[in-house]
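Residue numbers (this note's numbering): 2 to 176.
Idealized CB from N, CA, C, for every residue including glycine.
Laid out in structure tokens, this is it:
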């Protein structure tokens, strides 16, 4: 198992997705030849989330955090997980954006792109739902982020024209 994959599994455990971690371990037990020590250790303690997290943390201590490619490899693994949840429609968009915030926070890189986009996605969705930002533009940018990892910030989402401005524009256009 790579350190990036271990970091990804740690994030899933912290977010409560134990089943996904166990699924990976079961798959690795079947496919890996020879089995890595970390997989054997994780399979032995897979009934206890906290012990699994401890095993992964111990494994990650073998390498400096700067040697783990969070911004590409771990991000792509996380994005693949989120994309599956989004495509299967097993989670509504609001839940996905809340999960994005947790994931970005647990990476400890949440103020660096691409994690920053993920971290603030829920805030942007709140602005869309309140009517301040354009929903269609947000959905396009959200889809581009989920599907292709294209980052954006709140300032690039079009603002929704207010009711008063629409009325004033219609009055001016009639003259």
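Residue i burial status per 10 Å Cβ neighbour count (16 or more: buried)
i, result
"residue 123", "buried"
"residue 88", "exposed"
"residue 177", "Beyond the ends of the chain as shown, which are 2 and 176, falls residue 177; an answer cannot be given."
"residue 67", "exposed"
"residue 5", "buried"
"residue 145", "exposed"
"residue 85", "exposed"
"residue 105", "buried"
"residue 142", "buried"
"residue 83", "buried"
"residue 172", "exposed"
"residue 168", "exposed"
Helix, strand or coil at residue i [DSSP, three-state]
i, result
"residue 14", "helix"
"residue 134", "strand"
"residue 151", "coil"
"residue 122", "helix"
"residue 94", "helix"
"residue 127", "helix"
"residue 3", "coil"
"residue 112", "coil"
"residue 140", "helix"
Presumed contact (8 Å Cβ cut-off) between residue i and residue j, rounded CB distance
i, j, result
"residue 71", "residue 21", "So it is not a contact: roughly 19 Å between Cβ atoms."
"residue 39", "residue 2", "5 Å"
"residue 94", "residue 126", "7 Å"
"residue 152", "residue 118", "4 Å"
Test: residue i CB closer than 8 Å to a CB of chain C
i, result
"residue 144", "Chain labels in this structure do not include chain C; a single protein chain is all it has."
Point to revise | Three-pair Cβ contact test at 8 Å for the segment 24 to 32 versus the segment 40 to 50 | key: yes
Practice item. Mind the definition here: the segment 9 to 25 touches the segment 73 to 84 only if three or more C-beta pairs lie below 8 Å; say whether that holds. Key: yes
Exercise for review: Enumerate, from N- to C-terminal direction, the unbroken alpha helix (DSSP H) stretches of 4 or more residues contained entirely within the segment 23 to 75.
Suggested key: 38 to 45, 50 to 61
Review point. Between the segment 129 to 149 and the segment 104 to 114, are three or more C-beta pairs nearer than 8 Å?
Key: no
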